[in-house]
Every structure is written in C-alpha cells, then in structure tokens.
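Undergrad:
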Amino acid sequence: MKLLDPFLVQYIKEPQGDVHELFFQSLQRLITVKNVDYYHKYLNRAATRGKSPDAARFKNPKMKHLLLESHKLHPQVEMQTLLREFKDCPTGTLIILITRMLQLLINLNDHNVPPAISSPMTADNNQESPARKNKLLTRYHSRTPPAIWIDTYISRLVKFNNFTQANLLLTIYYIDLLSHNFQPYFTLNSWTVHRFLLVATMLAQKALEDFFYTNEHYAKVAGVALTELNCLELDFLSRVNWRVVPAKQLEDGTWSIKHSKEVLDMYYWQLVTLTGKNVTERNNVMYVFGDESPAYASRL
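As structure tokens, this is what we get:
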C-alpha cells in the first residue's frame, strides 16, 4: 500500500484473510447456486407424482403396443345367464346373438360370392352373359356392402320400429324359408344381409303384431326408396309362399300356426347354444342358460 497515493489509502480496506480462500468461497457459492437454481427447471417432480407404473411405460411407443396386444390377447370374458323362454331374453342380448349368427353365415358365404357381384368392373366379368348376371343378382343385393355394422343396423330398426323379441327371432325362421325356396341364387352375405333384415323384420311385425307402421315409415328408417321396399316385400312373400307366421309340422303332415311360440322357442334355444359362447372383439360376454352355468352346476 506504500506505493499508492496517500489520499487513496484511506479509502482502501485490507482484505480479511487469504485471497485464495475468498476465491474458493465465492466459487463454492457459485456451484451451489448452479446445482439448485440452474438445474431446477429440469426437475419436474410434480408432473410424475401419483402416476401408475403403466403410465410411465406407455411413454415408450413400443411398450404401449405390447401392452395393448397383451390386453387384446387376454380379454376379460364375462358370463351372463339367460332364461329358457325367448320372451324373457333382453332385446339387446337377442340383437347380439342374432348378429353373431349372421356374421358366421356372412364369413362363410362371402368366400363363395361370384366375381360378377364382388368385382363387377373387371374385364373377365364383363364377358359373362346378361342372362347369367340377372340370375346371380337378386333384389336383396346391394351394389357394394353397406358400411354400417350389422348390430348397429338391427338396433336402429328396433329403435324406430319398436320390434319385439318375437319379431327378431322370426327373421331366423325366414332365413331358412328363403334359403330353401330361393336356392341357389339367394345366400346371406355382405351384399344381401341389410335388405333381407329390413324386409324380414317388417313382415315379421306385420304377421305377429296388431300394430305396425306403413311401408313409407320403414323405408325412411332404412334409407331406401319406397318403391324398392314395395318390390322387396312382394318378392319376399312370393318366395316364401306367404308363410310369414311360424308353423309346426304335425304328425299327420299338416302345418299348424298354433305352435308358433314353440317354434320360436326352438330357434331361440338353438341360437343361444350355437352362438352364446362365440365372444368377439365388440362383445366379450358368454351367454348360457341358467341351468347350464357353473354356479347352477355347483348347487347340484
């Protein structure tokens, strides 16, 4: 300090301690601030607090795919018991069972659809004669398979037409009649199922119920022209020989409509037996009769 100006000396204070010690103390404070304040913005503990382990695994796209596949391969299957009489079956359950049966038929028959129907614009199909094409095409064929799901379509018909369980079951009876009387040209597939369901449920309501709607109403619900529905109705009646009420063949060879409930019960039993355990991705519930469930068997 002797080299400094005497006037400035009075304003300069001598450092208390070693200069290097002061430097390291300031450096330590800087590191402490860096460790806490500088990196604090990268710590987001509140965002991850309370999350399940699966939530963290879903951040990885590959892990998410594996988890979804695991849930898909091991769905939780439920079991629901049903009563023996069709009138006691909930309408929603009956729609599911009928949809399963129709889907089985469609999956089987779609493989046998002629190319003239499945691919009408190809060059090979244009070589077929018009008479041959007219035999293959029926009034029930759509130009292309409708995009609506079968269960969604049936649910729409039931909602706006007030169909009962008997009306829905009678459509299965009509499948047998129409397939038997209209072979080999009519088969239930993706091109014919929607128009068949429309006219079959409509005629079932007309045959069994005292109250039914006009054809104009049915056509609006289904989204088809009234003239087209009229033609479908007349064609259907002529194909089944106007046998729209379920009948049972007696021992003497005659048919009686007094046993129509027994006929519908028989179709209902077969429907539950054949399709009740066929779970799908859209519905994973198994349907069995009450006396066939494990809980019932354990009480015996």
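Residue 159 in full-length UniProt numbering sits at position 159 of the sequence shown; the count goes up by one each step and never skips.
Glycine included, every Cβ here is placed at the ideal spot set by N, Cα and C.
Keep in mind that this is a model prediction, so the values were computed, not measured.
1. Would you kindly report the start and end of the unbroken alpha helix (DSSP H) that includes residue 94?
2. If I'm right that residue 199 touches residue 150 with Cβ under 8 angstroms, what's the distance once you round it to whole angstroms?
3. What are the residues that DSSP puts in a beta bridge with residue 80?
4. DSSP three-state label for residue 255, please.
5. Is it true that the segment 225-245 meets the segment 204-215, where meeting means three or more beta-carbon pairs spaced less than 8 angstroms apart?
6. Can you list, in chain order, the residues of its chain whose CB lies under 6 angstroms from that of residue 112, leaving out five sequence neighbours each side?
7. Who does residue 248 pair with in a DSSP beta bridge?
8. Give the straight-line distance between the Cα atoms of residue 253 and residue 202, rounded to the nearest whole angstrom.
9. Please state the DSSP three-state secondary structure of residue 282.
10. When DSSP labels each residue in this structure, what does residue 175 get in the three-state scheme?
11. Would you grab the beta carbon distance between residue 232 and residue 139 for me? Rounded to a whole angstrom, and I think it's under 8 angstroms.
12. What is the DSSP secondary structure of residue 210, reduced to helix, strand or coil?
13. Which residues in the same chain have their Cβ closer than 6 angstroms to the Cβ of residue 97, if we skip the five residues on either side of it in sequence?
14. Are the CB atoms of residue 102 and residue 287 nearer to each other than 7 angstroms?
15. Helix or strand or just coil, what does DSSP make of residue 154?
16. Closest by CA to residue 168, which one among 93, 145, 105?
TA: With the structure as the only source:
1. Along the sequence shown, one-based indexing puts residue 94 at 94. From DSSP, the alpha helix (DSSP H) with residue 94 extends over 91-109.
2. As a first step, residue 199 is located in the sequence shown; it is residue number 199 there, counting from the start. As a first step, residue 150 is located in the sequence shown; it is residue number 150 there, counting from the start. About 15 angstroms separates the two Cβ atoms, so there is no contact after all.
3. Here residue 80 corresponds to residue number 80 of the sequence shown, with the count starting at 1. Residue 80 pairs with 287.
4. Taking the first residue of the sequence shown as 1, we reach residue 255 at position 255. The answer is strand: DSSP assigns residue 255 an E or B state.
5. Yes, they touch.
6. Start at 1 with the first residue of the sequence shown, and residue 112 comes out as number 112. Closer than 6 angstroms at Cβ, skipping near neighbours: no residue.
7. Counted from its first residue, the sequence shown places residue 248 at position 248. Partner(s): 256.
8. As a first step, residue 253 must be located in the sequence shown, where it is residue number 253. As a first step, residue 202 must be located in the sequence shown, where it is residue number 202. The straight-line gap from Cα to Cα measures roughly 29 angstroms.
9. Here residue 282 is taken as the residue at index 282 of the sequence shown, counted from 1. DSSP places residue 282 in coil when its eight states are reduced to three.
10. Position 175 of the sequence shown, counted from the first residue, corresponds to residue 175. In the structure shown, residue 175 sits in a helix (DSSP, three-state: H, G or I).
11. As a first step, residue 232 is located in the sequence shown; it is residue number 232 there, counting from the start. As a first step, residue 139 is located in the sequence shown; it is residue number 139 there, counting from the start. Your pair residue 232 and residue 139 checks out as a contact, with CB atoms roughly 5 angstroms apart and the cut at 8 angstroms.
12. Stepping through the sequence shown from its first residue, residue 210 is reached at position 210. Correct three-state label for residue 210: coil.
13. As a working note, residue 97 is residue 97 in the sequence shown. Taken in chain order, the residues that qualify are 271, 275.
14. Translated into positions along the sequence shown, residue 102 becomes position 102. Translated into positions along the sequence shown, residue 287 becomes position 287. Taking 7 angstroms as the cut-off, the Cβ atoms of residue 102 and residue 287 do not count as close.
15. Your numbering for residue 154 matches position 154 in the sequence shown. DSSP places residue 154 in helix when its eight states are reduced to three.
16. Here residue 168 is taken as the residue at index 168 of the sequence shown, counted from 1. Shortest Cα-Cα distance from residue 168 to any of 93, 145, 105 involves 93.
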